[in-house]
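In the numbering used here, the protein residues as written are 1 to 311.
Glycine included, C-beta positions come from ideal geometry on N, C-alpha and C.
This report concerns only the one structure given below.
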C-alpha cells in the first residue's frame, strides 16, 4: 500500500501555494520568529504582546466547578441564541498569550456558526507548570457542560485549540471522557498541536529540545503521562476530531501519529495538510489561512447539523 502526503492535501488549496511560499520566504529573510529560550527572553516576549483587542465584545467571567475557578471570556453571537458552545483554548507554548488575543477571531466564529465562544485564560508556565493549565481547561469545560443549558440555552459543545491549545484540548477531552462527560462533545478541532512532549516517538524527538517543554513539564520524570503527552493515552470513545497542520510544520509527523492512534482506537478522525504552510499558519495573512479557517467552520457546522453531541 502506497500512501502519499498528497492524499491529505485538498487540490483546491494548490492555487494558494505560491503566495504561501513567498510569505514564508519573506518571513525567513526578515529573521523569522524564534520562541524564547530562557525565562528572561520569555518576559521580553510577553511584554511585546498586546493585552487585548480594540472594540471587543467579549465579556469577562469566572468559571467555577467544585473548589476550582478560572477566568474566561465569553463572546455570544449577534444573532441571539446560541446553538452550541465552543470552548477555545489559546496557544502560546504553554507560557505565552492570553484569551483576550483571540477576541476578534472568536467574534467571527460566534457569528458565523451562531455559537457562544468561551475562551479560557489558563495559568501559564513556568510560573505555573503542569498540571495547572490542564486543570484550568478542565474546569472551564466542566463549567460549560454543567452551566451551558442555563447560561446559553444549549447543551451542545465543541472544543478546539491551536498549538499548545490543541495539546490542552486533547488532554481536556481525555479528562472529560474519564469522567464520562465526553458524550456531549460534538467535535474537536485541533490545529498543529504537540502531542508527544516526552520526545520518545520519532515525531516528538523533532521538538524535544525546545525550552517550552522544560518550562511546562521539565519537573516531570516521565513525560509520557497522557495528561502531558496525549499521544500515549487510551484514545477510545472520543468525539469526531479534525486535525490541521502545515506541510512545513515540525509537528507534522506528530500530528499524523495522533491521527493514526485515534483511528486505531475507532474514532472518527480527519487530517488536513496545508501545503507550504508553517507552524501557526492559520494566524498568518494568507489565502491558505483563510481557506483553512473556512474549512474549520464548515466542518464544525456539519457536526452541529448532524446533531453531534447531546440534542
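For residue 136 against residue 120, the beta-carbon gap comes to about 6 Å, under 8 Å, which counts as contact. Per DSSP, residue 131 is not a residue of any beta strand (DSSP E), being assigned neither H nor E. Of all alpha-carbon atoms in 291, 84 and 287, the one lying nearest the alpha-carbon of residue 22 is that of 287. If you draw a straight line from the Cα of residue 230 to the Cα of residue 196, it is about 7 Å long.
Within the region 202–259, the beta strand (DSSP E) runs of at least 3 residues that lie entirely inside it are, in chain order, 241–246. Between residue 110 and residue 117, the gap from beta carbon to beta carbon is short of 8 Å. With a 10 Å radius around the Cβ and a threshold of 16 neighbouring Cβ atoms, residue 191 comes out buried.
Bridge partners of residue 86 according to DSSP: 117 and 158.
In this structure the region 75–94 touches the region 143–163; the number of beta carbon pairs closer than 8 Å is three or more.
Between residue 236 and residue 265, the CB-CB gap stays under 8 Å. In the assembly as shown, residue 276 is a buried residue. Its beta-carbon has 16 or more other beta-carbons within 10 Å. Counting only residues of its own chain and dropping the five nearest sequence neighbours on each side, residue 61 has a CB closer than 6 Å to the CB of 72 and 74. Nearest to residue 212 by C-alpha distance, out of 247, 163, 175 and 69, is 163. Residue pairing for residue 274: DSSP places it in a beta bridge opposite 246.
Cβ contact annotation for residue 291 (same chain, cutoff 7 Å, sequence separation greater than five): 13 and 16, in chain order. Taking the C-beta atoms as reference points, residue 130 is found nearer than 8 Å to residue 220. The beta carbon of residue 166 sits closer than 7 Å to the beta carbons of 190, 191, 192 and 193 from its chain, once the five residues preceding and following it are set aside; these are given in chain order. When secondary structure is reduced to three states using DSSP, residue 57 falls in the coil class, being assigned neither helix nor strand.
Taking every protein chain shown into account, the CB of residue 25 has fewer than 16 other CB atoms within 10 angstroms, so this residue is exposed.
For residue 26, the enclosing alpha helix (DSSP H) covers residues 17–29. Listed as beta-bridge partners of residue 102 by DSSP are no residues whatsoever.
DSSP places residue 282 in no alpha helix (DSSP H); its state is neither H nor E.
Only residues of its own chain outside the window of five on either side were considered, and among them 235 have a CB closer than 6 Å to the CB of residue 261, listed in chain order. Where residue 176 is concerned, the enclosing alpha helix (DSSP H) starts and stops at 164–178. For residue 47, no beta strand (DSSP E) run applies; the uninterrupted alpha helix (DSSP H) run containing it begins and ends at 39–47, by DSSP. Secondary structure note for residue 71: its beta strand (DSSP E) is the uninterrupted segment 68–75.
In this structure, DSSP gives residue 200 a state outside helix and strand, which the three-state scheme calls coil.
Contact holds between the region 292–301 and the region 269–284, because three or more Cβ pairs, one in each stretch, are under 8 Å apart.
One alpha carbon belongs to residue 63, the other to residue 240, and they sit about 25 Å apart.
Per DSSP, the continuous beta strand (DSSP E) segment holding residue 188 begins and ends at 185–191.
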